[in-house]
Every structure is written in C-alpha cells, then in structure tokens.
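Down below is the structure, laid out as structure tokens.
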Amino acid sequence: MSYIDKQALRISELEELNELLREKVKKLESDLWDKEQLRQVYSEKSLNLDSKVRELEARNQKDFVWRGNEISRLNDEVDELKEKLEAANRRSAKLGRDCWTYENTVKTLLERAESAESACTEAARILKSGERMALTRAVNILLSVGEDDWSTP
Numbered sequence: 651m652s653y654i655d656k657q658a659l660r661i662s663e664l665e666e667l668n669e670l671l672r673e674k675v676k677k678l679e680s681d682l683w684d685k686e687q688l689r690q691v692y693s694e695k696s697l698n699l700d701s702k703v704r705e706l707e708a709r710n711q712k713d714f715v716w717r718g719n720e721i722s723r724l725n726d727e728v729d730e731l732k733e734k735l736e737a738a739n740r741r742s743a744k745l746g747r748d749c750w751t752y753e754n755t756v757k758t759l760l761e762r763a764e765s766a767e768s769a770c771t772e773a774a775r776i777l778k779s780g781e782r783m784a785l786t787r788a789v790n791i792l793l794s795v796g797e798d799d800w801s802t803p
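Counting from 651, one number per residue, gives the positions in the sequence shown under this note's numbering.
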C-alpha cells in the first residue's frame, strides 16, 4: 500500500469518524434541546403548580376563616336555642304547676258546690217543713180564734 493509499484510507477513516462525531453532536444537541424543552416545560408547569398551590392555600385560608365564622355563628345559634329551650322548659313547668293548681281549685269548687247543693236541699227541706209547721200553727191560730168568735154569738 502506498503512501497515497494510506493517506486516502486515513482521510476516509477521518471522514467516517467526522460523520460519526457529527451524528453524535446532533444527537447530543437533540438531547440537549429535549432536556432544555423539558426544563422549560417543567419550569412552566412548576410555575403553574406554584400558582395553583398559592391559589389553593388562599382559598383554604378563606375557607378556614369562613369555617371559623360559621362555627362561631352556629355556636351563637346553639346558645340562643339552648336559652329558648330553657325558657320553654320553665314555661312548661310553670304551666304544669298552674294546671295542678287549677285542677285542685276545680276539685275544691266541685266539693263546695256539692256541699252547697246539699245545704240547699237541706234548706229546702227545712223550709218545706217550716211551711208546714207555719201552716199548721196558722190553722191552729185561726181555729182557736174562730172558736172564740164562734162561741160568743
């Protein structure tokens, strides 16, 4: 093999090596481009995620404040309802006592009415008896007066 052949072979090998290196550089550039795009996409997604996280944290904070206010409002309502229940229980107890008092008053009045009715019946009996006695006495008086008048003509 001559020097020129060797040199041609060497040039050919160098060209092949150069072509391989170009392909490798293109592949690296492509990989680098892909990695750069991935970084950019990741960065954008990361920003979007950070934005979403901040938005969710702000919403959570609002919800936390709202829940606190709602719990406070509900506690106030529960306290108010407890007070109303206690007042209703007091009214119910008072009405129960009043009902018991009225029942006893009605029983007492019925007993008094029965006693009064009994007394009226007794008074009517006595009156009738008294009327008979009075009539009998009047008749006796008239008879006695009439006897005196009749005996002296």
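The beta-carbon is built from N, C-alpha and C at its ideal position, and this holds for glycine as well.
CA-to-CA distance, residue j to residue i, given in whole angstroms
{"i": "Glu669", "j": "Arg660", "result": "14 Å"}
{"i": "Lys618", "j": "Leu792", "result": "Because the chain spans 651 through 803 in this model, residue 618 falls outside it and cannot be assessed."}
{"i": "Trp800", "j": "Ser794", "result": "At Trp800, the pLDDT of 48 sits below 50, so the modelled position is not reliable; the number obtained from the coordinates is stated separately. Using only the alpha carbons, I get a separation of about 10 Å."}
{"i": "Glu764", "j": "Thr771", "result": "10 Å"}
{"i": "Ile721", "j": "Asn710", "result": "16 Å"}
{"i": "Lys702", "j": "Lys732", "result": "43 Å"}
{"i": "Ser768", "j": "Lys734", "result": "50 Å"}
{"i": "Val789", "j": "Asn754", "result": "51 Å"}
{"i": "Ser696", "j": "Leu706", "result": "15 Å"}
{"i": "Ala784", "j": "Ala774", "result": "15 Å"}
{"i": "Asn725", "j": "Trp716", "result": "14 Å"}
{"i": "Arg740", "j": "Gly746", "result": "10 Å"}
{"i": "Glu736", "j": "Leu760", "result": "36 Å"}
{"i": "Arg723", "j": "Ser742", "result": "28 Å"}
C-beta neighbour in chain C for residue i, strict 8 Å
{"i": "Leu664", "result": "Absence of chain C from the displayed structure is noted, only one protein chain being present."}
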